[in-house]
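What follows is a set of notes on a single structure, which appears directly below.
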Amino acid sequence: MKVVVTSSGKDLDADLDPRFGRAKYFIVVDTKSMDFEVKENTQNLNLPQGAGIQAGKTVAETGVEAVLTGNCGPKAFQVLETAGIHVITGIQGTVKGVVEKFNAGELSYAGGPNVEGHWV
Amino acid sequence: MIITIASGKGGTGKTTVTVNLAASINRDDVTVFDCDVEEPNSHIFIKPENISSEPISVMVPKVDTQRCTLCGACEEICQFSAITLVAKRIMTFPEMCHSCRGCEMVCPEDAVKEDSRVLGSVHQGKNARGIDLTWGELRVGEAMSPPLISQVKDRINPGGIALVDAPPGTSCPAIEALRSSDYALLVAEPTPFGLNDLALTVEALKKLKVPTGIVINRADDAPGIVEEYAKKEGIEILQRFPFSREAASICSRGKLLVNEMPEMKALFQQLFNRLNQLLTESKEAGEVGK
Ligand code: SF4
Ligand code: SF4
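Residue numbers (the UniProt record's numbering), protein chains in the order written: chain A, 1 to 120; chain B, 1 to 290.
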């Protein structure tokens with residue numbers, strides 16, 4: 001299956017970016033082969049609000065099954081939920097490390113957002 | 001006439017000045033409008049009776065999914081990401097909506113219907129002395145205060161004396177409250193921080209073209225930084241309220257200074273007389289009611 005990890009860099013050794021809405025990159029990883037693809041978190045900077053929603057849309061377009069991140073606010077969570085994407089919050093480490101933890105079944109899906117809206 | 005009492009930041013004693021000024025005016029047409037909708041507390045001091053309340057709501061979109069063709073026009077026009085297409089579904093985020101109705105107007109399928117969202121309420125009541133208080137109260141957790149503030153302000157009758165307690169700061173809600181006032185009374189504290197905030201508010205008021213004066217709260221004896229600033233800007237200091245432990249304690253018990261401390265009553269009456277004089281003069285000069 002494919003998952004997205006929010007990342008501060010462009011490869012599997014980069015650290016997970018704890019922010020979902022304002023993450024630098026989204027790394028789409030195939031959990032079996034560890035093949036990956038980098039997506040920039042492009043935001044329409046002309047809009048005064050809604051970073052979490054826009055990031056949620058970007059991730060929804062990748063067609064992944066789950067997102068691995070640090071903090072996810074309520075609006076982004078709602079977008080991901082609507083797109084049928086599971087969210088795992090509160091994790092840290094390298095992109096590769098968290099995918100390995102995921103494969104080992106050490107992570108569980110969040111039932112809701114874990115931070116207030118302004119965190120995005 | 002509309003006098004708005006404002007301050008660059010919270011905790012300068014804005015409400016204290018508003019309610020005590022109201023109570024020291026010897027007329028029967030005094031109305032007070034508390035626009036500090038996030039933390040209204042004028043009613044604690046004014047003690048209105050026979051309170052009537054009205055819920056205030058704004059328009060938010062509701063999409064008729066039978067009609068919606070997922071064309072995305074609504075998402076494109078929305079400046080606030082409050083309506084968006086995700087995975088072939090249309091989602092709305094009512095708490096981010098600014099009720100501009102853009103989505104409703106551009107939808108080619110007439111799929112955007114009107115729904116409403118409660119922002120808070122407006123309350124009104126009169127106290128035993130005849131002071132009429134109207135105040136807005138934002139729902140807990142709600143962030144969209146300007147529409148509620150304008151609802152409070154819509155109830156102002158400029159015929160009498162209306163005192164408006166503005167929200168602190170120079171952001172959107174404060175500007176909303178100051179707009180179309182005849183006079184702005186800025187409550188300042190004689191500290192460098194206070195001065196910085198004061199200067200920001202003064203700049204905003206210049207743009208709004210509202211005549212402005214300053215009162216200094218918790219003033220110490222030596223003329224200080226606020227005086228210097230006011231002189232440079234050519235702004236009149238209308239009153240100085242000295243720091244007093246007794247006053248602080250009276251306020252903390254929800255009581256009016258003008259009822260408990262005769263020397264305070266004199267200061268507030270003096271302040272009103274000067275305001276009245278200024279406003280009458282400018283009315284005669286044809287500046288009021290631009
Ligand atoms: S009314 Fe305006 S702000 Fe609200 S969702 Fe529609 S376009 Fe966006
Ligand atoms: S503009 Fe109307 S039809 Fe198009 S996506 Fe929005 S609600 Fe649906």
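Even for Gly, the Cβ is constructed at its ideal location relative to N, Cα and C. Keep in mind it's a predicted model, so treat the numbers as computed, not measured.
Contact with chain B by A:Lys39, beta-carbon distance below 9 Å | Under the Cβ criterion of 9 Å, A:Lys39 is not counted among the residues facing chain B.
Within this structure, are the beta carbons of B:Arg274 and B:Phe243 separated by less than 9 Å?
-> Contact flag unset, no.
Hey, which unbroken runs of the alpha helix (DSSP H) at 4 residues or more fall wholly within the stretch 20-67 of chain A?
-> If we require 4 residues or more, the alpha helix (DSSP H) runs fully inside the stretch 20-67 of chain A come out as 51-61.
Below-9 Å beta-carbon distance, residue 122 of chain A vs any chain B residue = Residue 122 of chain A falls outside the range modelled here, since chain A spans only 1 to 120, and no answer is possible.
Beta-carbon proximity check, B:Pro173 vs B:Gly8, cutoff 9 Å | Contact flag unset, no.
Is there at least one Cβ from chain A nearer than 9 Å to B:Thr84's Cβ?
-> At least one chain A Cβ lies under 9 Å of B:Thr84.
Using a C-beta to C-beta distance shorter than 8 Å, which residues of chain B count as neighbours of A:Thr82?
-> Annotation: Cβ neighbours of A:Thr82 in chain B (cutoff 8 Å, chain order): Val86, Ala87, Arg89 and Met91.
Going by beta carbon distance, what residues of the same chain come within less than 7 Å of A:Gly21, once the five residues before and after it are set aside?
-> Closer than 7 Å at Cβ, skipping near neighbours: Ala51, Gly52, Ala55, Gly73, Ala76 and Val120.
Quick one: Cα of B:Val288 to Cα of B:Asp182, how far?
-> At B:Val288, the pLDDT of 47 sits below 50, so the modelled position is not reliable; the number obtained from the coordinates is stated separately. About 6 Å.
Throw me the rounded Cβ distance for the A:Val4 and A:Val67 pair, which I believe falls under 8 Å.
-> Correct: roughly 5 Å between the Cβ atoms.
Neighbouring residues, chain B, relative to A:Gln78 (Cβ below 8 Å) | What A:Gln78 touches in chain B: Met91 and Phe93.
B:Gly13 (DSSP reduced to helix, strand or coil) | B:Gly13 sits in coil when the DSSP states are folded into three classes, being neither helix nor strand.
Which of the three DSSP states, helix, strand or coil, is assigned to B:Pro158?
-> When secondary structure is reduced to three states using DSSP, B:Pro158 falls in the coil class, being assigned neither helix nor strand.
If you measure beta-carbon to beta-carbon, which residues of the stretch 11-27 of chain A are closer than 8 Å to chain B?
-> Look at the stretch 11-27 of chain A: it has no residue with a C-beta under 8 Å from a C-beta of chain B.
Could you work out which residue in A:Lys10, A:Phe26 and A:Thr31 is closest to A:Ala104 when comparing CA atoms only?
-> The closest CA to that of A:Ala104, considering only A:Lys10, A:Phe26 and A:Thr31, is found on A:Thr31.
Grouping DSSP H, G and I as helix and E and B as strand, with all else coil, what is B:Thr280?
-> Looking at B:Thr280 - three-state DSSP - the assignment turns out to be helix.
Looking at the C-beta of A:Gly50, does it have a partner C-beta in chain B at a distance below 9 Å?
-> Chain B, which has a Cβ nearer than 9 Å to the Cβ of A:Gly50, makes this yes.
Check whether the Cβ of B:Ile46 lies closer than 8 Å to any heavy atom of ligand 1, and answer yes or no.
-> Answer for B:Ile46: no, Cβ out of range of ligand 1.
Who are the near neighbours of B:Lys290 in its chain, counting only those whose CB is closer than 6 Å to its CB and skipping five residues on each side?
-> Annotation note: pLDDT 43 at B:Lys290 (below 50); position unreliable, no value reported.
A:Thr6 by DSSP, collapsed to three states: which one?
-> Three-state result, A:Thr6: strand.
Could you list which residues in chain A have their beta carbon closer than 7 Å to that of B:Met96, in chain order?
-> Within 7 Å of the CB of B:Met96, the CB atoms of chain A belong to Gln49 and Gly50, in sequence order along the chain.
Closest by CA to A:Ser113, which one among A:Gly63, A:Leu12 and A:His86?
-> The question names Ser, but residue 113 of chain A is Pro in the sequence shown. Residue A:His86 is the option with its Cα nearest to A:Pro113.
What residues in its chain sit with their C-beta under 6 Å from that of B:Phe93, if we drop five residues either side in the sequence?
-> Ala82.
N- and C-terminal bounds of the alpha helix (DSSP H) containing B:Arg218 | For B:Arg218, there is no enclosing alpha helix (DSSP H); the residue is part of the beta strand (DSSP E) that begins and ends at Thr212 to Ala219.
Tell me which same chain residues have a C-beta within less than 7 Å of the C-beta of B:Gly224, skipping the five on either side of it?
-> Take B:Gly224, set aside five residues on each side of it, and the residues of its chain with a beta-carbon closer than 7 Å to its own are Pro190, in chain order.
Short-range partners of chain A found in the stretch 67-83 of chain B, where Cβ spacing is below 7 Å = The residues in question are Gln79, Phe80 and Ser81.
Quick one, which residues of the stretch 63-77 of chain A are near chain B if we go by CB-CB under 9 Å, in chain order?
-> The stretch 63-77 of chain A vs chain B, Cβ under 9 Å: Lys75.
For A:Ile91, which residues of its own chain have a beta-carbon under 8 Å away from its beta-carbon, when the five flanking residues on both sides are left out?
-> Non-local beta-carbon contacts of A:Ile91 in its own chain, meaning distances under 8 Å to residues more than five positions away in sequence, involve Leu16, Leu68, Thr69, Gly70, Val98, Lys101 and Leu107 in chain order.
Span separating the alpha-carbon of B:Asn50 from that of B:Ser42 = Straight-line Cα distance between these residues: approximately 16 Å.
What is the rounded straight-line gap between the Cα of B:Thr65 and the Cα of B:Ile90?
-> Distance between the alpha carbons of B:Thr65 and B:Ile90 is about 8 Å.
Three-pair Cβ contact test at 8 Å for the stretch 28-37 of chain B versus the stretch 207-217 of chain B = Taking a cut-off of 8 Å on C-beta distances, the stretch 28-37 of chain B does not touch the stretch 207-217 of chain B, as fewer than three cross pairs fall below it.
Listed in chain order, which residues of the stretch 99-116 of chain A have Cβ atoms closer than 8 Å to some Cβ of chain B?
-> Legend: CB atoms of the stretch 99-116 of chain A lying less than 8 Å from CB atoms of chain B are not found in any residue.
Is there at least one Cβ from chain B nearer than 9 Å to A:Gly56's Cβ?
-> Taking Cβ atoms only, chain B reaches closer than 9 Å to A:Gly56, which makes this a yes.
What are the boundary residues of the beta strand (DSSP E) that B:Leu133 is part of?
-> Per DSSP, B:Leu133 belongs to the beta strand (DSSP E) from Asp132 to Leu138.
Under three-state DSSP, which class holds residue 291 of chain B?
-> Nothing can be reported for residue 291 of chain B, as the shown portion of chain B is limited to 1 through 290.
So B:Gln269 packs on B:Ser24, CB below 8 Å; how close in whole Å?
-> With a contact defined as Cβ atoms closer than 8 Å, B:Gln269 and B:Ser24 qualify at about 5 Å.
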